[in-house]
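Visitor: This is the structure, below, for whatever I ask next.
Number of protein chains: 2
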Amino acid sequence: MKRRNTPTKEAVLEVLKTAGKAMSQDAIEQEIHMDINRATIYRVLNRFCEDGVLHRIVADDGKQYFALSDKNDNNKVSDNHFHFKCLACDTIECLPNKVSFTVPNAYSVAHMNCVLTGICKDCS
Amino acid sequence: MKRRNTPTKEAVLEVLKTAGKAMSQDAIEQEIHMDINRATIYRVLNRFCEDGVLHRIVADDGKQYFALSDKNDNNKVSDNHFHFKCLACDTIECLPNKVSFTVPNAYSVAHMNCVLTGICKDCS
DNA sequence: ATCTTTAATGCAATTTTGTCGCATTTGTTA
DNA sequence: TAACAAATGCGACAAAATTGCATTAAAGAT
Numbered sequence: 053m054k055r056r057n058t059p060t061k062e063a064v065l066e067v068l069k070t071a072g073k074a075m076s077q078d079a080i081e082q083e084i085h086m087d088i089n090r091a092t093i094y095r096v097l098n099r100f101c102e103d104g105v106l107h108r109i110v111a112d113d114g115k116q117y118f119a120l121s122d123k124n125d126n127n128k129v130s131d132n133h134f135h136f137k138c139l140a141c142d143t144i145e146c147l148p149n150k151v152s153f154t155v156p157n158a159y160s161v162a163h164m165n166c167v168l169t170g171i172c173k174d175c176s
Numbered sequence: 053m054k055r056r057n058t059p060t061k062e063a064v065l066e067v068l069k070t071a072g073k074a075m076s077q078d079a080i081e082q083e084i085h086m087d088i089n090r091a092t093i094y095r096v097l098n099r100f101c102e103d104g105v106l107h108r109i110v111a112d113d114g115k116q117y118f119a120l121s122d123k124n125d126n127n128k129v130s131d132n133h134f135h136f137k138c139l140a141c142d143t144i145e146c147l148p149n150k151v152s153f154t155v156p157n158a159y160s161v162a163h164m165n166c167v168l169t170g171i172c173k174d175c176s
């Protein structure tokens, strides 16, 4: 199942690169100045996550947000970092701070989803 | 707006105490052997969260899970702890490990939602 | 340049999760 | 026991995300 390049994929990536923060499907759709179906955007985003191009954050509103992964991001943050959701400007960004944790014996961790909520530097 | 005691509230609390882990509305409904409306359970859960009896966790499936808060739990975990979702048995539990983090200057944190996903001790 | 294969898309319907308005019921207190 | 307001049931609704299916269009082969 080889991937193909399509205008939609390029547009989605472009939007996320420009924004420099995590975005939800509907926010992405609003920024793309093309008429692309909702379901298609979801499929593109899911494929990017599968391929490691994006990573998915689930905020405490239950919505999925998507942000560039390391390999496609010029910043040096890794994927196991904290995310910060600002209550004022309602944006989600990747913090440079890594999540450090220990788990009790016999637990193994495959994935993490850590979101801090509060007021960001631009809104304080 | 003083709270009243109702059978529904008692039943919900009882289920959560017995389970000893975080549960979603539908899981709670299944465990309650009474015919209680979905919306009512949601309202009870939300009120409990307002009152600090429960705390709410949003897992990476986007669903809300509810667990007893400190004051009502005999365990000594505090509310700013990691949660662990097991991929095998699909349960969510509160880990004793506290979340420690630092944020960049001028950020203030009001709330956190941290869920680790993997295999729990019972399933490994 | 054209054909072929199959990934990608559009559309509509569906599922899931959670909330809300409103009439009715029921705790609680006087 | 009466009265007030919180709690409930019911139905409708909203938002987020997925899925089936027919159609379109990349990408490699001819």
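Same order as they appear, the protein sequences are chains A and E.
Quick note, the first sequence lines up with residues 53 to 176 if you use the working numbering.
Quick note, the second sequence lines up with residues 53 to 176 if you use the working numbering.
All C-beta atoms, glycine included, are put in the ideal place defined by N, C-alpha and C.
(1) What are the residues in the segment 138-157 of chain A lying within 9 Å of chain E by C-beta distance?
(2) Check whether the Cβ of A/Lys73 lies closer than 8 Å to any Cβ atom in chain E.
(3) Does DSSP classify A/Val99 as helix, strand or coil?
(4) For a quick check, are the C-beta atoms of A/Cys172 and E/Tyr159 less than 8 Å apart?
(5) Scan the segment 159-171 of chain A for residues whose Cβ lies nearer than 9 Å to a Cβ of chain E and list them as they occur along the chain.
(6) Rounded to the nearest angstrom, how far is the Cβ of E/Val110 from that of A/Gly170, given a contact under 8 Å?
(7) Where are the alpha helix (DSSP H) runs, 4 residues long or more, that stay fully inside the segment 58-89 of chain E, in chain order?
(8) Got a sec, what are the start and stop residues for the beta strand (DSSP E) E/Ala119 sits in?
(9) Taking C-beta to C-beta, are A/Phe134 and A/Val155 nearer than 8 Å?
(10) Please classify A/Cys138 as buried or exposed, where buried requires at least 16 other C-beta atoms within 10 Å of its C-beta.
(11) In whole angstroms, what is the alpha-carbon distance linking A/Val129 and A/Asp122?
(12) Name, please, each residue of chain A whose Cβ falls closer than 8 Å to the Cβ of E/Gly114.
(13) Do you know how far the Cα of A/Met75 is from the Cα of A/Arg55?
(14) For E/Phe134, return the contacting residues in chain A, with the cut-off set at a CB-CB distance below 8 Å.
(15) Taking CB distances under 8 Å as the criterion, tell me whether A/Lys173 reaches chain E.
(16) Give the C-beta separation of E/Leu168 and E/Phe136 to the nearest angstrom, bearing in mind that I take them to be a contact with Cβ-Cβ under 8 Å.
(17) Would you verify that the beta carbon of A/Ser121 is, or is not, closer than 8 Å to some beta carbon of chain E?
(18) Inspect the beta-carbon positions of E/Leu97 and E/Val67 and report whether they are closer than 8 Å.
(19) Would you call A/Ala162 buried or exposed, if buried means 16 or more other Cβ atoms sit within 10 Å of its Cβ?
Guide: According to the structure data:
(1) Cys138, Leu139, Leu147, Pro148, Asn149, Val151, Ser152, Phe153, Thr154, Val155, Pro156, Asn157
(2) Position 21 of the first sequence, counted from the start, is the residue given in the question as residue 73 of chain A. Not closer than 8 Å to any Cβ of chain E, the Cβ of A/Lys73 fails to qualify, so no.
(3) Here the question's residue 99 of chain A lines up with position 47 in the first sequence. Residue identity check: residue 99 of chain A is Arg in the sequence provided, not Val. Three-state result, A/Arg99: helix.
(4) If you number the first sequence from 1, residue 172 of chain A lands on position 120. If you number the second sequence from 1, residue 159 of chain E lands on position 107. Contact: yes.
(5) Tyr159, Ser160, Val161, Ala162, His163, Met164, Asn165, Cys166, Val167, Leu168, Thr169, Gly170, Ile171
(6) Working through the second sequence from its first residue, we reach residue 110 of chain E at position 58. Working through the first sequence from its first residue, we reach residue 170 of chain A at position 118. The pair is not a contact, with the Cβ atoms about 16 Å apart (cut-off 8 Å).
(7) 59-71, 77-83
(8) Here residue 119 of chain E refers to the residue found at position 67 of the second sequence. 116-120 is the extent of the beta strand (DSSP E) around E/Ala119.
(9) Taking the first sequence and counting its residues from 1, the one referred to as residue 134 of chain A is at position 82. Taking the first sequence and counting its residues from 1, the one referred to as residue 155 of chain A is at position 103. No, Cβ-Cβ distance for A/Phe134 and A/Val155 is not below 8 Å.
(10) One-based indexing of the first sequence puts residue 138 of chain A at position 86. Result: buried.
(11) As a first step, residue 129 of chain A must be located in the first sequence, where it is residue number 77. As a first step, residue 122 of chain A must be located in the first sequence, where it is residue number 70. The predicted position of A/Val129 is uncertain, since its pLDDT is 47 and thus under 50; a value taken from the coordinates is nonetheless stated next. Taking the straight line joining both Cα atoms gives about 6 Å.
(12) Within the second sequence, the letter at position 62 stands for residue 114 of chain E. Under the 8 Å cutoff, chain A gives Val110, Gly114, Lys115, Gln116.
(13) Here residue 55 of chain A corresponds to residue number 3 of the first sequence, with the count starting at 1. Here residue 75 of chain A corresponds to residue number 23 of the first sequence, with the count starting at 1. Rounded to the nearest angstrom, the two C-alpha atoms are 23 Å apart.
(14) The sequence position of residue 134 of chain E within the second sequence is 82, counting from 1. Correct list: Phe153, Val155.
(15) Taking the first residue of the first sequence as 1, we reach residue 173 of chain A at position 121. Yes, its Cβ sits closer than 8 Å to a Cβ of chain E.
(16) Looking up residue 168 of chain E in the second sequence gives position 116. Looking up residue 136 of chain E in the second sequence gives position 84. Going by Cβ atoms, the distance from E/Leu168 to E/Phe136 rounds to 5 Å, so yes, they are a contact pair.
(17) Along the first sequence, one-based indexing puts residue 121 of chain A at 69. Not an interface residue.
(18) Reading the second sequence from its first residue, position 45 is the one you call residue 97 of chain E. Reading the second sequence from its first residue, position 15 is the one you call residue 67 of chain E. Their beta carbons are not under 8 Å apart, which means E/Leu97 does not touch E/Val67 by this criterion.
(19) Here residue 162 of chain A refers to the residue found at position 110 of the first sequence. Exposed.
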